[in-house]
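Line by line, the protein sequences are chains H and F. Numbered according to this note's numbering, the first sequence spans residues 1 to 251. Numbered according to this note's numbering, the second sequence spans residues 1001 to 1267. What follows is one structure encoded as C-alpha cells, with my remarks underneath.
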Amino acid sequence: MQVAGFRLPASSSLLLWLLLWELVGRAEVTILLPPITAIAARLVEIVPTPSFAEALAITGQAFFLGNAIAILVGVPVGVLMGRSRIADELLLPWVNLFVSAPLSALVPVLMLLFGIGQTTIVTTVFLFAVWIIVLDTRAGVRGIPPSLLEMARCYGAGPLQCFFKIHLLAALPEILTGIRMGVIRGVKGVVIGQLLVSVVGFGHLFEIYSSNFLMEHFWALLFVLFAFAVLVAEGLAWLERRVDYFAAARH
Amino acid sequence: MSAPSTATATRPTAPSTRPIVEVRGVSKVYGKVRALHAIDLEFEPGRLTSLLGPSGCGKTTLLKIIAGLIPPSEGEVRIQGRPVTGPGPERAFVFQDFALLPWATVLKNVAFGLELRGVPRAEREERARHWIAEVGLAGFEQSYPHQLSGGMRQRVGLARALAVDAQVLLMDEPFSAVDEQTRRKFQEDLLGLVAREKKTFLFVTHSIEEAVYLSDRIVLLSPRPGRVAGIVEPKIRRDGDPERIRRDPVYLDTVETIWRGLKGYVE
C-alpha cells in the first residue's frame, strides 16, 4: 500500500487497528476491552510465572501428542483409502461426516469416556486434526500416475517399499497441506478441549481469568494462543513451499 | 469385426535358439470385452520383436501380462521356462510416459531399480553413472526430470531398465511422447544397443515405420479381440549406416505390405 508516495510495510494497517483499540480502551467504554498497552504489560508479567509455564507445558504436550497420533494414523489410512477401493467405500462416509461435524459437541462424551484430564484433550486434538489429513492424503495418493506404481512393482517393490518410496513422496505436497490444516484444527481442538474440561492448562487459566473479570490477563493469554497458532501455520506453510517445486513439476 | 487370417505375412522360421519368453494361449477378458484372444508367441534372446497394431488391439495389455503387471484370464507366460506370477528381476520395463520419480535426480532415478533390490549405495550409483553415460546423459546426473526434455527423460527411463541388467527389455511405446527428430536419433541408438547387448527386446508401437526400422520380427495384432494376425520378419541389413535403412527397398516394401494388411482394421 502507498500513502502520499510512501510505501508502507505489509501489516501497517494492524497499527491503525491497535491504535483504535488503545483509544477505546482508554475511553473505558467497556470493561471487556482494556487498553492494548495494559494487555501488553500484563503479557510480560504473566508469561514468566510458573502457572503460565505449567499451563504452556501441558497444553503443548496435548497439542503435539494429539497431532502426532493424528499424522501417524491419518497418513496411512489416507494412503490405504487412496489405494484400496474397498477401504475407500467403507471409510469415506465416516471421514466426510467427521471432517465437517461440530466435534466440540463430542467433547463431553469424551470426558465420560476418558475422564476429566489430559487424555480427553489429546483425543480432542486428534479428532480435530485427523480427518482432513486422511482426506488430503487420499486425494494426493489418487493423483499419483498409475505408471509410477507399475514402475515400482516392475522393479521389485513390495507393499512397504511402495508406501515409503512412492506413495509418501509422490503425495507429499497434498500430505503436507493436510497436516498443516490438521494442525491448525488441532489448535482449536486443544483450546476447545481445555475450555470444556477447564481444570487443566490454558483452559484452567481462562476459567480463572474470566470468572474473576481479569480481562487484561484474559486478552494476554488469548494473544499468546493466537501467536502460537499463526506461528505453527506459517512454519508448516514454509515447509510446504519447500516441496512445492516438484508439485508443480509432477504433471 | 472378425479378424481375417491375413496372408500378407510370412510365417515365423523355426527358432534357432531356445526361446526366453513363451506366451501360451494367453487371453484377457475385461468384463464383457475380450482384449486378447489365444495368443501364442515365442521370443528368442538377442532379437528385437515389435508388437504392432492399431489402438485397441491389446498390445500394451500383452506386454503388461508378460511383465507380470496384469494376470492373464487364460493361458500362461513362461520366462526361461518358469511360469510368470508377477514382475521379476529378469524383466525390465520402459514406460510410455517415462514413469520417473519427479522428486529424485537422474542418478537416483536410474539407480532406483537397484535400490529396491538392496544394492549398496556406492555400487548402485557407480552402475547408474555407467548407464547414464551409455545413453548419452553424462553430466546430467544431478538434474531433475522436469529440467530435461522428453527425449532425455526417456533416456533416463532406458538407463534405469538397463541398469538392473535384465535379460528381457519390455518397451511400451517408448518414443511416442517424444518429438520426431529426437525419435529418429533414439531409434538409431536403440539399434546400436540391440547389436551390443545380447538382450531380448519386446517393443510395442503403433508406428509401422518404427516397427520395420527397428525389428528383427514384427507381430501384427488385430483389434477386438486382439489376436495374432501375422508375423513379418523384415530382411534388412542393419550393419551399415542406420540412415540407409530408411531408403532400403526392403524397408519400403515391408512398410507397404504391412499397411495393406492393417488397412482393413482402421475404421
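C-beta: ideal position from N, C-alpha, C; glycine also. None of the values given here were measured: they were computed from a predicted structure.
Is it buried or exposed, Pro-1015/F, if we count other Cβ atoms within 10 angstroms and call 16 or more buried? For Pro-1015/F, the predicted model reports a pLDDT of 47, less than 50, meaning its position is unreliable; a value from the coordinates is still stated below. Pro-1015/F should be labelled exposed.
Name, please, each residue of chain F whose Cβ falls closer than 8 Å to the Cβ of Ala-157/H. Leu-1116
Given that a residue counts as buried once 16 or more other Cβ atoms are within 10 Å of its Cβ, and exposed if not, what is Asn-96/H? exposed
Any C-beta of chain H sitting closer than 7 Å to the C-beta of Gly-1150/F? no
Considering Ser-1027/F, what are the terminal residues of the beta strand (DSSP E) in which it resides? 1021 to 1030
At least 3 beta-carbon pairs within less than 8 Å: the region 1087 to 1097 of chain F vs the region 1051 to 1068 of chain F: yes
Pull up the distance between the alpha-carbon of Pro-1072/F and that of Arg-1227/F, whole angstroms please. 14 Å
If you measure between the beta carbons of Trp-219/H and Ile-39/H, is that distance less than 7 Å? yes
Please list, in chain order, the chain H residues whose beta carbon lies closer than 7 Å to that of Pro-1089/F. Gly-156
Which residues does DSSP pair with Thr-1200/F in a beta bridge? Val-1168/F
Could you list which residues in chain H have their beta carbon closer than 7 Å to that of Phe-1112/F, in chain order? Tyr-155
Given a threshold of 16 other Cβ atoms within 10 Å of its Cβ, counted over all protein chains shown, does Val-190/H qualify as buried or as exposed? buried
The beta strand (DSSP E) spanning Ile-1070/F covers which residue range? Run containing Ile-1070/F: none; DSSP gives neither H nor E here.
Contacts that Val-1164/F makes with chain H (C-beta to C-beta distance below 8 Å): Tyr-155
Between Val-141/H and Gly-182/H, how many whole angstroms is the CB-CB distance? I'm expecting something under 8 Å. Wrong, their Cβ atoms sit about 16 Å apart, outside the cutoff.
I believe Arg-1034/F touches Pro-1223/F by the beta-carbon criterion, under 8 Å. Please report the beta-carbon distance rounded to the nearest angstrom. The Cβ separation is near 11 Å, so there is no contact.
With H, G and I counted as helix, E and B as strand and the rest as coil, what does DSSP make of Leu-15/H? helix
Beta-carbon within less than 6 Å of Ala-254/H's beta-carbon, same chain only, minus the 5 sequence neighbours each way: which residues are those? Look at the range of chain H in this structure, 1 to 251, and you will see that residue 254/H is not part of it.
Chain H partners of Ala-1099/F, CB-CB under 8 Å? Pro-145, Ser-147, Leu-148, Glu-150, Met-151
Apart from the five residues just before and just after His-1037/F, which ones in its own chain have a Cβ nearer than 8 Å to its Cβ? Ser-1027, Pro-1225, Gly-1226, Arg-1227
Select from Tyr-1265/F, Glu-1209/F, Glu-1188/F, Ile-1231/F the residue whose C-alpha is nearest the C-alpha of Asp-1241/F. Glu-1188/F
For Val-1232/F versus Ile-1245/F, is the C-beta distance shorter than 7 Å? no
Can you tell me whether His-1206/F is helix, strand or coil according to DSSP? coil
Specify, as a first and last residue, the run of the alpha helix (DSSP H) that Ser-51/H falls within. 50 to 83
What residues are listed by DSSP as bridge partners for Glu-1188/F? Bridge partners of Glu-1188/F: none, in fact.
Using the Cα positions of Gly-1150/F and Val-1178/F, report the straight-line distance between them to the nearest angstrom. 6 Å
Is the number of C-beta pairs between the region 17 to 30 of chain H and the region 191 to 198 of chain H that are closer than 8 Å three or more? no
Helix, strand or coil at Ile-144/H according to DSSP, with G and I counted as helix: coil
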